[in-house]
Amino acid sequence: MLELKALSKTYKTGDKALSEVSFAIPAGQVVGLIGPSGAGKSTLIRCINRLVEPSSGSVLLGDTDLTRLNGRALRQARRRIGMIFQEYALVERLTVMENVLSGRLGYVSGWRSFLRRYPQDDIDLAFKLLEQVGLGDHFNKRADALSGGQRQRVGIARALEQNPELLLVDEPTASLDPKTSRQIMRLIQSMCRERNLPAIINIHDVMLAQNFTDRIIGLRSGEVVFDGAPDALTDDV
Ligand code: ADP
Ligand code: ADP
879 MLELKALSKT YKTGDKALSE VSFAIPAGQV VGLIGPSGAG KSTLIRCINR
929 LVEPSSGSVL LGDTDLTRLN GRALRQARRR IGMIFQEYAL VERLTVMENV
979 LSGRLGYVSG WRSFLRRYPQ DDIDLAFKLL EQVGLGDHFN KRADALSGGQ
1029 RQRVGIARAL EQNPELLLVD EPTASLDPKT SRQIMRLIQS MCRERNLPAI
1079 INIHDVMLAQ NFTDRIIGLR SGEVVFDGAP DALTDDV
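Next comes the structure, spelled out in C-alpha cells:
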C-alpha cells in the first residue's frame, strides 16, 4: 500500500507543481492519474521514486517513509517500485529475455553475458511473465526487432520481474495506436489485479483511464480536483 501525506513540491524556479497532495492506494488498486499538461502528474510520479526531491510531506510505501531515505537505503527502496515508461526504455540491442532479467537488478546492464549470472528462479519467472504478456515465443529476439506494443509488453514483464510492491506507469500508451493502447492498459490492469499490486498510471487519455483503471485522481495546478470511481468522472474535471 502507498500513502502520500500532504506532498508538496515547489521548484527552484518558483513553480508550485504540487500542493499538499494526500491519498492512499490499497493493494491491487489501479489508479489513473489525469489532468492537463502542467498539472503536476510527472512531478507526482517523480516525487514518489525521488527522482524529484519533494519540498514537504511524506510518501509511505508499506512502513517505509521514502522521503526520509538516502544513499543505499534509497536505492534498495527503489527496487520495491516497478517502473513502466512511455518510450519503453529497453536496451535495443539486447534480447527480450535479457531486458526482462535486467529488471531483477533494478538497473539496466549492457553486458551481454550477464545472463549467466542469473539464478534459475529469476529466469523461470522471466519465462512465466513473458508467457503472460504474450511474448513466450519471442524471448530470444532483440528488442529492436519488436513492434511498439511488443516493446511495452517487455516493459511490463521487466517491471514485474522485480517483484515490486508498487507500479509507477508514465504515459504507457502515448506512443501506441488506439487498439494496442487498449490491449496494453487491459494487460497492466489484469497483471496488477492478479498480484494484488497497487499502481499509479499517469495517463493523458481520459477514456482509457475510465475503461481500464479502478479509480481516477484528477490533478489541476498541483491540487487534487477529483478522486473517485471512473464512472463518477464528469466533464468539468
Ligand atoms: P504534468 O506532468 O502534469 O504535465 P509537470 O509535473 O511536468 O506536469 O509540471 C508541473 C509544473 O511544474 C509545471 O508548471 C511545470 O512547468 C513545472 N515543472 C516541471 N518540472 C520542472 C522543473 N524541472 N523545473 C521547474 N519547473 C518544473
Ligand atoms: P513530460 O512529457 O514528462 O510532461 P515535459 O516536456 O513537461 O515532460 O518536461 C520535460 C523535462 O523538462 C522534464 O524533466 C521536466 O521536469 C522538465 N521541465 C518541465 N517544465 C519545466 C520548467 N518550467 N522548467 C524547467 N524544467 C522543466
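Residue numbers (our numbering): 879 to 1115. Just so it is clear, CB atoms sit at the ideal spot from N, CA and C, and this is done for glycine as well.
query	result
Segment contact flag, the stretch 938 to 950 with the stretch 961 to 969, C-beta cutoff 8 Å, min 3 pairs	no
Proximal residues to Y955 (C-beta, below 8 Å), its chain only, five neighbours per side dropped	In the sequence as presented, Tyr is not what sits at residue 955; that position holds Ala. Result list for A955: L939, T942, L944, L947, in chain order.
Proximity test, Y996 beta-carbon vs ligand 1 heavy atom, cut-off 6 Å	no
Pocket of ligand 1 (residues with CB nearer than 5 Å to any heavy atom), chain order	Y889, T891, D893, A895, S915, G916, A917, G918, K919, S920, T921
For K883, three-class secondary structure by DSSP	strand
Closest Cα partner of T1112 within the set L929, Q1088, M975	Q1088
Buried versus exposed call for P1042 [16 or more other C-beta atoms within 10 Å across all chains shown]	buried
Cβ contact (3+ pairs, closer than 8 Å) linking the stretch 1088 to 1103 and the stretch 1044 to 1058	no
Host alpha helix (DSSP H) of D1002 (start-end)	998 to 1010
Proximity below 7 Å, CB of G916 to CB of I1094	no
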